[in-house]
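Participant: Following this message is one structure expressed as structure tokens.
There are 2 protein chains.
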Amino acid sequence: MLEHGGRLRAASLRFGIPLADWLDLSTGLAPYGWPLPDIPAAAWARLPEQDDGLESAACDYYGVDSLLPVAGSQAAIQALPRLRRNARVGMLTPAYAEHAAAWSREGHRLLAIGEADIERELQRLDVLLLINPNNPTGRRFAPEQLLSWHARLAERGGWLVVDEAFIDCTPQHSLAAHSGRPGLIVLRSFGKFFGLAGIRLGFVLAPPPLLERLAELLGPWAVSGPSRAVATALLQDRVGQQVQRQRLCVDSERLAALLCGNGLAPTAGCALFQWLVVPHAPLLHEFLAGHGILTRLFDSPPSLRFGLPPDEPGWLRLRQALQLFNKDFTCPL
Amino acid sequence: MLEHGGRLRAASLRFGIPLADWLDLSTGLAPYGWPLPDIPAAAWARLPEQDDGLESAACDYYGVDSLLPVAGSQAAIQALPRLRRNARVGMLTPAYAEHAAAWSREGHRLLAIGEADIERELQRLDVLLLINPNNPTGRRFAPEQLLSWHARLAERGGWLVVDEAFIDCTPQHSLAAHSGRPGLIVLRSFGKFFGLAGIRLGFVLAPPPLLERLAELLGPWAVSGPSRAVATALLQDRVGQQVQRQRLCVDSERLAALLCGNGLAPTAGCALFQWLVVPHAPLLHEFLAGHGILTRLFDSPPSLRFGLPPDEPGWLRLRQALQLFNKDFTCPL
Chain A
47 MLEHGGRLRA ASLRFGIPLA DWLDLSTGLA PYGWPLPDIP AAAWARLPEQ
97 DDGLESAACD YYGVDSLLPV AGSQAAIQAL PRLRRNARVG MLTPAYAEHA
147 AAWSREGHRL LAIGEADIER ELQRLDVLLL INPNNPTGRR FAPEQLLSWH
197 ARLAERGGWL VVDEAFIDCT PQHSLAAHSG RPGLIVLRSF GKFFGLAGIR
247 LGFVLAPPPL LERLAELLGP WAVSGPSRAV ATALLQDRVG QQVQRQRLCV
297 DSERLAALLC GNGLAPTAGC ALFQWLVVPH APLLHEFLAG HGILTRLFDS
347 PPSLRFGLPP DEPGWLRLRQ ALQLFNKDFT CPL
Chain B
47 MLEHGGRLRA ASLRFGIPLA DWLDLSTGLA PYGWPLPDIP AAAWARLPEQ
97 DDGLESAACD YYGVDSLLPV AGSQAAIQAL PRLRRNARVG MLTPAYAEHA
147 AAWSREGHRL LAIGEADIER ELQRLDVLLL INPNNPTGRR FAPEQLLSWH
197 ARLAERGGWL VVDEAFIDCT PQHSLAAHSG RPGLIVLRSF GKFFGLAGIR
247 LGFVLAPPPL LERLAELLGP WAVSGPSRAV ATALLQDRVG QQVQRQRLCV
297 DSERLAALLC GNGLAPTAGC ALFQWLVVPH APLLHEFLAG HGILTRLFDS
347 PPSLRFGLPP DEPGWLRLRQ ALQLFNKDFT CPL
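In structure tokens, the structure reads:
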């Protein structure tokens, strides 16, 4: 298994800081969200059924005619590579590592390509897999650009897979509305924007024949009943979504400004995180962890991903730690 | 996808009876259980972590040293066939159909065998898959018998897979305590005994190397955070489990007696259902459905599975419908 952000218990043991005392910025999840709606007892007691309203609420939210709920977009990441054989799969690097692991596990050939090489490499690829915006680099791709790549792949039976896990604050960049096109597969994560990572829910947007094959692989009742009930309510709450979107955007800009103000200008970011490439990323990661602030460290390039603090005490704590770091380490570096 | 019991919405449409008016006996789930324990907000908000207490509570409950939580035993049923190649897989018939579908999907060769033939066929099998007690026949296998079959399979690198979805009321028949033996794989369902089918949780009991391969296929965070929190509390409630066990056993005997009293002596059963083989099973199924009572109909042999009514009005309704059926149909049959 790959290591991930969000492994707070491990950090707690390693740094000897009690679980409750951490400021966890190691994930790209919204750190706040909705009060939980009422969950009918039947959602716990009975097997989940497909016609309970989740699919139609999700179709409305994403603006599509067909989709498949899955137990977190991770489930789709694991299953998609099983729908092809011997594909040459192009991916950017760095990117969320579970994609490469899943395609590699199923025996496909991975090509790590640079963004500038996509045009040239496209003819060699069966599958192009992009994360938009990319995690952790925050890089965004224009829909027109993606659709042009998709068209070239699709005419040879290829796929463009776009993981839109972090796109909910900028839905105008989503390819959801085009996801009926053969060879275009869009993955959406529910938990990140709605602040409910524990819910284990994501959606695959793609033409029905592909969704049927995927459903067959994933089997019935993949998503828990309570998760379906909660998600149905939140997907219908347009006003709440607008409030959440604005709050996340404001906080993301505030985070960028805070990092800038401490000589750590982010390289890029999106509404849910900021990404900072600095040679001393490991040192900064250790320093912050020593102060009970968990960030996500990447090796190549040396970089940190900062999620959003949940509240004012969190903001204050991050500010103070960054100031301390500057005081302690700016001179020798 | 296979059809299953529990498709109440479909029945509701077909028979024109509102959802809330049905007595659903079509599943083998406990129709009552625990008041829901408090679920910490973090279980919804954060990614589930492996060291939150679920695994150790489950190890205590099942009496094992190692296990893997999965999103319903269905997830394990789908994934296990991916851990072998070209196996000859023996299964009894009738039995829960998802097993055969999953092994067949992965290209294995299925041999439908009769119980009396297991001894003779064993040497031809790579995998023997049994449900204990069997669904829907209620047939029980003695642990000594199963262990003897397992030993013969294991010495050739074979597997005995035992699906113990309905065994929680008779844990003395479980092979859980032996599940550290190579080649023995025990599947347990959480939702059936605890009355929480919507929770999507099951466990695979097997030696750690096999569990690691399975975990790799299923990926991280397969079970939702709220489900983990609820299950952890219930797995620790030994008194509550004892009460549930007694109540289910009493109700199962009451169901058998009620069927007997109406000339429909069950062929077999277990604590969670009774099974009735009768030539006119389709007729009885339709008659009961017309009265808003959903049972599970099997074609071969023609048979009905009755789950337990949840409460006294349910018992009364079932009794009255059976009496009406006898009055209307006993003479011409």
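If you read the protein sequences in the order shown, they are chains A and B. So the first sequence is numbered by my numbering: it starts at 47 and just counts up by one. So the second sequence is numbered by my numbering: it starts at 47 and just counts up by one. Positions of the beta carbon are idealized from the N, C-alpha and C atoms, including for glycine.
(1) Using a Cβ cut-off of 8 Å (strictly closer), state whether residue 268 of chain B contacts chain A.
(2) Our contact map puts residue 318 of chain B next to residue 350 of chain B with C-beta atoms below 8 Å; I'd like the distance itself, whole angstroms only.
(3) Over what stretch of residues does the beta strand (DSSP E) that includes residue 306 of chain A continue unbroken?
(4) Mind pulling the chain A residues with CB within less than 7 Å of residue 97 of chain B?
(5) Shorter than 8 Å from the beta carbon of residue 280 of chain B to some beta carbon of chain A?
(6) Applying a beta-carbon distance threshold of less than 8 Å, which residues of chain B neighbour residue 89 of chain A?
(7) Would you say residue 341 of chain A reaches chain B, if we count a Cβ-Cβ gap shorter than 8 Å as a contact?
(8) Can you tell me the Cβ-Cβ gap for residue 95 of chain B and residue 115 of chain B, rounded? I've got them flagged as a contact below 8 Å.
(9) Report all residues from its chain with a CB closer than 7 Å to the CB of residue 210 of chain B; omit the five preceding and five following residues, and keep chain order.
(10) Which residues does DSSP list as the beta-bridge partners of residue 259 of chain B?
(11) Out of A:132, A:223, A:143 and A:55, state which residue places its alpha-carbon closest to the alpha-carbon of residue 204 of chain A.
(12) Roughly how many angstroms separate the alpha carbons of residue 282 of chain A and residue 151 of chain A, rounded to a whole number?
(13) What's the gap between the Cα of residue 225 of chain A and the Cα of residue 194 of chain A?
(14) Please classify residue 355 of chain B as buried or exposed, where buried requires at least 16 neighbouring CB atoms within 10 angstroms.
(15) Considering only the alpha carbon of each residue, which of B:305, B:348, B:374 and B:342 lies closest to residue 362 of chain B?
(16) Are there 16 or more other CB atoms within 10 angstroms of the CB of residue 273 of chain B, so buried, or fewer, so exposed?
(17) Per the contact definition of three or more C-beta pairs closer than 8 Å, is the region 83 to 95 of chain B in contact with the region 253 to 271 of chain B?
(18) Per DSSP, what are the beta-bridge partners of residue 115 of chain B in this structure?
(19) Is the Cβ-Cβ distance between residue 138 of chain B and residue 180 of chain B less than 8 Å?
(20) Does DSSP classify residue 321 of chain B as helix, strand or coil?
(21) Does the beta carbon of residue 114 of chain B sit closer than 8 Å to a beta carbon anywhere in chain A?
(22) Could you check where the beta strand (DSSP E) with residue 209 of chain B kicks off and where it finishes?
(23) Can you tell me the Cβ-Cβ gap for residue 69 of chain B and residue 55 of chain B, rounded? I've got them flagged as a contact below 8 Å.
(24) Would residue 344 of chain A and residue 320 of chain A qualify as a contact pair, given that the criterion is a beta-carbon distance under 8 Å?
(25) Output, in chain order, the set of chain B residues within a Cβ distance shorter than 7 Å of residue 273 of chain A.
(26) State yes or no: is the beta carbon of residue 122 of chain B nearer than 8 Å to at least one beta carbon in chain A?
(27) Taking DSSP as the reference, what is the three-state secondary structure of residue 276 of chain A?
(28) Based on DSSP bridge pairs, tell me the residues matched to residue 158 of chain A.
(29) Is the beta carbon of residue 296 of chain A less than 8 Å from the beta carbon of residue 222 of chain A?
(30) Please name the residue or residues paired with residue 352 of chain A in a DSSP beta bridge.
(31) Find the nearest neighbour of residue 208 of chain B within the set B:173, B:201, B:80 and B:182, judged by alpha-carbon distance.
(32) When the Cα atoms are used, what is the spatial distance from residue 381 of chain A to residue 216 of chain B?
(33) Can you list, in chain order, the residues of its chain with a C-beta nearer than 8 Å to that of residue 323 of chain A? Leave out the 5 residues immediately preceding and following it.
(34) Quick one: complete beta strand (DSSP E) runs, 3+ long, within the region 160 to 230 of chain A?
(35) List the residues of chain B whose Cβ lies closer than 7 Å to the Cβ of residue 118 of chain A, in chain order.
(36) Quick one: grab the DSSP three-state call for residue 70 of chain A.
Facilitator: This is what the structure holds:
(1) yes
(2) The Cβ separation is near 15 Å, so there is no contact.
(3) First-last for residue 306 of chain A: 284 to 307, but that is the alpha helix (DSSP H), not the beta strand (DSSP E).
(4) 55
(5) no
(6) 244
(7) no
(8) Not quite, the Cβ-Cβ distance comes to about 12 Å (not below 8 Å), so this is no contact.
(9) 178, 220, 232, 233 and 234
(10) None, per the DSSP bridge assignment.
(11) A:132
(12) 37 Å
(13) 14 Å
(14) buried
(15) B:305
(16) buried
(17) yes
(18) B:249
(19) yes
(20) strand
(21) no
(22) 205 to 209
(23) That belief does not hold up - the Cβ atoms of residue 69 of chain B and residue 55 of chain B are roughly 15 Å apart, past 8 Å.
(24) no
(25) 270
(26) no
(27) helix
(28) A:137
(29) no
(30) A:320
(31) B:173
(32) Look at the range of chain A in this structure, 47 to 379, and you will see that residue 381 of chain A is not part of it.
(33) 313, 347, 348 and 349
(34) 173 to 177 and 205 to 209
(35) 267
(36) strand
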